[in-house]
Amino acid sequence: MWSSDECHFQQNGTRCKMWIPNDIKNPVVKQEPTRKKVSVFGSVNVSDGRLVYSLQQIFNAKTFLDHLNQILEYKPPRKKILLILDNARYHHAKILLPWLESNKRSIELLFLPPYSPELNPIEHVWKRERYIGTHNRFFPTITALKECVTDVFDRWAEPNIELRSLCAINYVV
Numbered sequence: 014m015w016s017s018d019e020c021h022f023q024q025n026g027t028r029c030k031m032w033i034p035n036d037i038k039n040p041v042v043k044q045e046p047t048r049k050k051v052s053v054f055g056s057v058n059v060s061d062g063r064l065v066y067s068l069q070q071i072f073n074a075k076t077f078l079d080h081l082n083q084i085l086e087y088k089p090p091r092k093k094i095l096l097i098l099d100n101a102r103y104h105h106a107k108i109l110l111p112w113l114e115s116n117k118r119s120i121e122l123l124f125l126p127p128y129s130p131e132l133n134p135i136e137h138v139w140k141r142e143r144y145i146g147t148h149n150r151f152f153p154t155i156t157a158l159k160e161c162v163t164d165v166f167d168r169w170a171e172p173n174i175e176l177r178s179l180c181a182i183n184y185v186v
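Each residue of the sequence shown is one higher than the one before, counting from 14 in this note's numbering.
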C-alpha cells in the first residue's frame with residue numbers, strides 16, 4: 014500500500030517554536046520576500062517507509078502520470094499496488110483512463126473522501142520534512158531550497174523505519 018500527495022515548499026520560509034540562548038532578546042530569522050516554491054509529487058510505501066518523489070514545475074495529469082510510472086518501478090512481482098490519494102482534478106483526468114486500464118493488474122487508485130487530508134499518511138511525511146528541513150531556515154535562492162528538500166528526501170529513498178513509523182495507520186476499522 015502506497016500513499017501519494019503533492020506538496021509545495023516555499024522559499025520565503027516558515028517559522029516555528031525554537032530554543033534560543035537567554036542572552037538573545039530579539040531573535041531574527043531572515044526571510045526572502047518571494048513566492049517562489051519547490052513543488053513535489055511524493056509517494057511513500059507505508060509498509061517499508063520507502064519514499065518516491067519527483068520535483069515538478071506544475072501539477073497536471075501528465076506529470077501525475079509520470080509519477081505513477083515512477084511508482085510502478087517499485088512494484089513487487091505478482092503483487093498489486095494500492096495507491097491512496099486525494100481528489101485533485103488531474104487524478105481523475107480522462108487521459109489517465111487508458112493507462113489505468115492497461116495497468117489495472119499492477120495498480121489500483123483508492124480515493125480518500127473529499128477534504129480529508131488527515132486520512133492520508135503521507136501528510137505526516139510533509140510535516141516531518143518541513144520540521145527537519147525548512148522550518149526556521151533562510152534560503153537565499155530557490156536552488157538552496159531545492160537542495161535542502163532533495164537532501165532530506167534522498168535520505169528516505171530506501172526503506173526506513175522513520176517513515177514507516179510516521180505513516181503507520183492506527184485507525185480502528
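The beta carbon of each residue, even a glycine, is placed where N, CA and C say it ideally should be.
Query raised in the report: From L95 to V41, what distance separates their C-alpha atoms?
Result: 45 Å
Query raised in the report: Using DSSP with H/G/I as helix, E/B as strand and the rest coil, what is L132?
Result: helix
Query - Cut-off 6 Å between Cβ atoms - residues of its own chain near Q23, not counting five sequence neighbours on either side - result: K50
Query raised in the report: Which one of N58, S60, F77 and D61 has the shortest CA to CA distance from S67?
Result: F77
Query raised in the report: From the DSSP output, which residues share a beta bridge with T27?
Result: H148
Query raised in the report: Exposed or buried, which one is C180 when buried takes at least 16 other CB atoms within 10 Å?
Result: buried
Query raised in the report: Near V57, which residues of its chain fall below 6 Å by C-beta distance, leaving aside the five closest residues on each side in sequence?
Result: S16, L64, I135, V138, L176 and C180
Query raised in the report: Between the stretch 139-149 and the stretch 160-171, are three or more C-beta pairs nearer than 8 Å?
Result: yes
Requested in this report: Please classify E160: is it buried, with 16 or more other beta-carbons within 10 angstroms of its beta-carbon, or exposed?
Outcome: exposed
Query - Collapsed DSSP secondary structure at V42 in the structure displayed - result: coil
Requested in this report: Please classify L125: does DSSP put it in a helix, a strand, or coil?
Outcome: coil
Query raised in the report: What does a CB cutoff of less than 6 Å around T154 pick up in its chain, not counting 5 residues either side in sequence?
Result: none
Query - Three-state secondary structure (DSSP) of H21 - result: strand
Query raised in the report: Three-state secondary structure (DSSP) at Q83?
Result: helix
Report task. Can you tell me which of T156, I84 and N73 puts its alpha carbon nearest to the alpha carbon of L122? Result -> I84
Query raised in the report: Alpha carbon to alpha carbon, what distance is there between E171 and V185?
Result: Residue confidence for V185 is low, a pLDDT of 41 falling below 50, so the modelled location carries little weight; the figure read from the coordinates is stated next. If you take the alpha carbons of V185 and E171, they lie about 29 Å apart.
Query - One or two residues paired with F54 in a DSSP bridge - result: E19 and S67
Query - Inter-residue spacing [alpha-carbon to alpha-carbon] between N100 and R150 - result: 32 Å
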